[in-house]
Structure formats: C-alpha cells, structure tokens
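Colleague: Quick one: this structure, given as structure tokens, is what I'll be asking you about.
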Ligand code: SF4
C-alpha cells in the first residue's frame with residue numbers, strides 16, 4: 004500500500020467528532036474489501052466495540068493474544084462472545100512459547116523481574132506477527148484511559164505496523180461504555196464486578212479498591228513496577 008496516499012484517503016467521510024456508530028458504519032463501507040481485523044483483550048471497551056460491529060451482520064475477525072496467563076473468567080468471556088456473535092471469528096494469535104519453555108530459557112517468573120521482556124515475548128512479538136498482511140486495525144482505545152492515550156485519533160496511520168488504525172471509541176468515557184454494555188446486554192468480564200477495572204494476565208492484574216464498575220483505572224496492573232502499558236500500540240501505549 005502507498006502509505007501517505009492511503010492515510011490521506013482514509014480520513015474522507017468522517018472526522019474526530021463523528022459518533023462511534025457513524026465511524027463504524029463508515030469503516031465497514033470504506034474498508035470492507037480490505038483485510039480489516041479487530042484486536043481485543045476482552046476488556047469492557049472491546050466487548051462494547053465487538054457488539055457494535057456485530058450489529059452490522061457482516062463477518063469480522065477478532066484477533067486476541069492468549070498469553071496463557073488469562074484468568075478463567077476471561078476464557079469464559081471469550082466463549083460467551085463467540086456464542087453470542089457466531090458471524091464473527093475469534094482467532095487466537097498468541098505465542099507458542101509455553102510458560103515452561105519461557106521459564107527454562109528466561110528463568111522463573113520473568114514477570115516479576117522483567118515484565119517488559121515478558122510482555123515482549125507473550126504480547127508484542129505475537130502482535131507484530133498477527134498484524135502482518137493486515138490493512139486496517141480496529142481497537143477500542145479511548146483517549147481518557149490514560150495520559151499516554153490522550154493523543155489517539157479516530158483514524159490514523161500506524162507507523163509501527165504500517166496500516167490504518169481505527170479507534171471508534173476514542174472520544175468515549177468509561178461510563179458511556181458501561182452504559183452501552185448494560186443497555187445492550189453485552190457479555191463482559193465478571194471480574195469487573197469484583198473490583199478489577201481492567202483485566203490482563205493473572206500475574207500482573209490486581210483489584211483496585213474503591214473503583215466503581217463505571218470507572219476506569221490501570222492502577223491494578225503491574226503494581227510493583229512503573230509500568231502501565233504492555234507496548235502493543237507503540238508510543239508508550
Ligand atoms: S502482563 Fe505480566 S504475565 Fe502477561 S505478558 Fe506482561 S509481564 Fe507477562
């Protein structure tokens with residue numbers, strides 16, 4: 004693809020202030036003939052976005068990266084989503100490196116010593132492999148999730164993966180996501196009801212005291228480290 008041409012063309016038809024539903028409908032028309040995939044870690048935002056795309060009744064691939072350290076509740080959620088939306092394809096593009104192989108090569112409990120290296124092995128490297136050949140990448144990032152996410156755009160050219168990146172929920176607040184989930188009976192991770200605002204790997208996710216289900220916080224992630232992102236999105240995200 005000719006990157007600058009595609010990036011310029013990609014913005015035609017919507018703008019940063021367009022409603023999410025309009026962005027989603029536009030993206031299906033605009034990129035329907037492209038290799039377009041959504042990635043999800045089955046967070047609350049991802050569940051809402053999966054539902055919003057599913058409503059169009061068209062096939063869509065939802066890629067997830069099974070780190071082999073998911074909570075049982077996350078695997079159960081994946082199964083509920085696949086059952087609810089049979090026309091979507093949920094594809095695991097996670098690492099082949101088993102926890103045992105990782106321990107043999109990099110030492111025991113790498114996440115306690117070098118979580119960046121662990122995330123690289125179990126998330127970032129598989130993500131690069133998963134994005135090969137993809138033209139359009141849909142994610143459920145929101146600007147208000149963190150300072151590092153404040154600059155994300157609805158449509159952008161992603162230099163890291165060399166593709167168009169869509170963030171239809173960029174302008175949404177957490178409460179809007181939760182309201183959408185409740186209103187539309189969208190499946191979500193039961194752990195949100197047990198004090199987990201976000202859910203990642205078992206080793207690196209803890210509940211956050213005092214955070215309500217409609218509030219967002221990443222303070223339960225990598226609690227022992229100065230780290231809040233796994234690095235999938237580049238630019239510190
Ligand atoms: S979140 Fe933790 S366990 Fe999961 S890949 Fe990153 S460091 Fe490893």
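Residue numbers (my numbering): 4 to 240.
Built from N, CA and C at the ideal position, the CB exists for glycine as well.
1) For residue 7, which three-state DSSP category applies?
2) For residue 175, which residues in the same chain have their Cβ closer than 6 Å to its Cβ, ignoring the five residues on either side in sequence?
3) Where in the segment 155-227 do unbroken runs of the beta strand (DSSP E), each at least 3 residues long, occur, reported from the N-terminal end onward?
4) Would you check if the segment 44-51 and the segment 186-200 touch, i.e. whether three or more CB-CB distances between them fall below 8 Å?
5) Beta-carbon separation of residue 137 and residue 40 under 8 Å?
6) What residue from 205, 152, 225 has the CA that sits closest to residue 102's CA?
7) Figure out for me which residue from 18, 104, 94, 24 has the closest Cα to the Cα of residue 45.
8) What do you reckon, are the CB atoms on residue 223 and residue 201 nearer than 8 Å?
9) As a quick check of your reading: which residues have a C-beta less than 6 Å from at least one non-hydrogen atom of the ligand SF4, in chain order?
Modeller: So, from the listed chains and residues:
1) Within the chain shown, residue 7 is the residue found at index 4, counting from 1. Note that residue 7 has pLDDT 49, beneath the 50 cutoff, so the model's placement of it is unreliable and no number is given.
2) Translated into positions along the chain shown, residue 175 becomes position 172. Once the five neighbours on either side are set aside, the close Cβ partners of residue 175 are 145.
3) List check, beta strand (DSSP E) in window: 158-161, 166-169.
4) Between the segment 186-200 and the segment 44-51 there are three or more inter-stretch CB-CB distances shorter than 8 Å, so the stretches are counted as touching.
5) The sequence position of residue 137 within the chain shown is 134, counting from 1. The sequence position of residue 40 within the chain shown is 37, counting from 1. Yes, they are a contact pair.
6) As a working note, residue 102 is residue 99 in the chain shown. Among 205, 152, 225, the Cα nearest to that of residue 102 is on 205.
7) If you number the chain shown from 1, residue 45 lands on position 42. Of the candidates 18, 104, 94, 24, the one whose C-alpha sits nearest the C-alpha of residue 45 is 94.
8) Residue 223 sits at position 220 when you count from the first residue of the chain shown. Residue 201 sits at position 198 when you count from the first residue of the chain shown. Yes, these two residues count as a Cβ contact at 8 Å.
9) Neighbourhood of the ligand SF4, defined by CB distance below 6 Å to any of its heavy atoms: 70, 72, 114, 118, 121, 122, 125, 126, 203, 204, 206, 207, 233, in chain order.
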